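Visitor:
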Amino acid sequence: MSSHYHDPGDRRFSRELQKAAGTEFEAFARFNDVVANREDGALSPKVRELISVAVALTTQCAYCIETHATAAFKRGATQAELAETVYVAAALRAGGAVAHGRMALKFFDQAAHSASAGPTGPEQGNSSTTTR
Numbered sequence: 000m001s002s003h004y005h006d007p008g009d010r011r012f013s014r015e016l017q018k019a020a021g022t023e024f025e026a027f028a029r030f031n032d033v034v035a036n037r038e039d040g041a042l043s044p045k046v047r048e049l050i051s052v053a054v055a056l057t058t059q060c061a062y063c064i065e066t067h068a069t070a071a072f073k074r075g076a077t078q079a080e081l082a083e084t085v086y087v088a089a090a091l092r093a094g095g096a097v098a099h100g101r102m103a104l105k106f107f108d109q110a111a112h113s114a115s116a117g118p119t120g121p122e123q124g125n126s127s128t129t130t131r
């Protein structure tokens, strides 16, 4: 067993993915290339890489963070731009927790409402449409 999950040497398994799912691998590689390297789009290549860093931070993909932080530097991003990108991603990730927190409160409220209404049969508390 590995002593850690993220190892730069794991990239060698790309060849295995390509062999096992060649059509999908090639389609993904072409798509990724167009998205990452488009020069004539509304978003500059630098902005595309900073967005990629933000997404990589929220998905917590160590390989993506390395790839896109390096690419952002090569595309002219500054350390300050990267630092602001980190906090944009952090705020978005925290915002997701708050949004899901509202959902948790809704389910808690539904459970409390169902409990106070008493037993009503096998469907008690299972309605996802219960509102107060």
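Numbering that gives the first Met the number 0 puts the first residue of the sequence shown at 0, with every later residue one more than the last. For glycine and all other residues, C-beta sits at the position ideal for the given N, C-alpha and C. Keep in mind the model is a prediction, meaning the values are calculated, not measured.
For Ala19 and Leu49, which I take to be in contact (beta-carbon distance under 8 Å), what is that distance rounded to the nearest angstrom?
Guide: Residue 19 sits at position 20 when you count from the first residue of the sequence shown. Residue 49 sits at position 50 when you count from the first residue of the sequence shown. Their Cβ separation, rounded to whole angstroms, is 33 Å, which puts Ala19 and Leu49 out of contact at 8 Å.
Visitor: Hey, would you say Arg14 sits closer than 9 Å to Thr57, going by beta carbons?
Guide: Locating residue 14 in the sequence shown gives position 15, where the first residue counts as 1. Locating residue 57 in the sequence shown gives position 58, where the first residue counts as 1. Cβ distance not < 9 Å, so Arg14 and Thr57 don't count as in contact.
Visitor: For Gly95, which residues in the same chain have their Cβ closer than 7 Å to its Cβ, ignoring the five residues on either side in sequence?
Guide: Counting from one through the sequence shown, the residue named residue 95 turns up at place 96. Correct list: empty, nothing qualifies.
Visitor: At the level of alpha carbons, what is the spacing between Lys45 and Gln109?
Guide: Looking up residue 45 in the sequence shown gives position 46. Looking up residue 109 in the sequence shown gives position 110. Roughly 46 Å between the two C-alpha positions.
Visitor: With a floor of 4 residues, list each alpha helix (DSSP H) that falls wholly inside the region 56 to 122, ordered by position along the chain.
Guide: As far as the region 56 to 122 is concerned, its whole alpha helix (DSSP H) runs of at least 4 residues are 61 to 73 and 78 to 116.
Visitor: To the nearest angstrom, how far is it from the Cα of Glu65 to the Cα of His112?
Guide: The residue given as residue 65 occupies position 66 in the sequence shown. The residue given as residue 112 occupies position 113 in the sequence shown. Roughly 48 Å between the two C-alpha positions.
Visitor: Comparing alpha-carbon positions, which option in Glu25, Lys105, Cys60 and Ala70 lies nearest Pro7?
Guide: Translated into the one-based positions of the sequence shown, residue 7 becomes position 8. Nearest option by C-alpha distance: Cys60.
Visitor: Let me know the secondary structure DSSP gives Leu42 once reduced to three states.
Guide: On the sequence shown, position 43 is the one that residue 42 refers to. In this structure, Leu42 counts as coil in the three-state DSSP scheme.
Visitor: At what residue ranges does the region 4 to 43 contain a whole run of the beta strand (DSSP E), taking only runs of 3 or more?
Guide: For the region 4 to 43, not a single whole beta strand (DSSP E) run of length 3 or above is found.
Visitor: Going by Cα to Cα distance, which pick from Tyr62, His67 and Ala53 is closest to Ala35?
Guide: In the sequence shown, the residue the question calls residue 35 occupies position 36. Taking only the C-alpha atoms, the option nearest Ala35 is His67.
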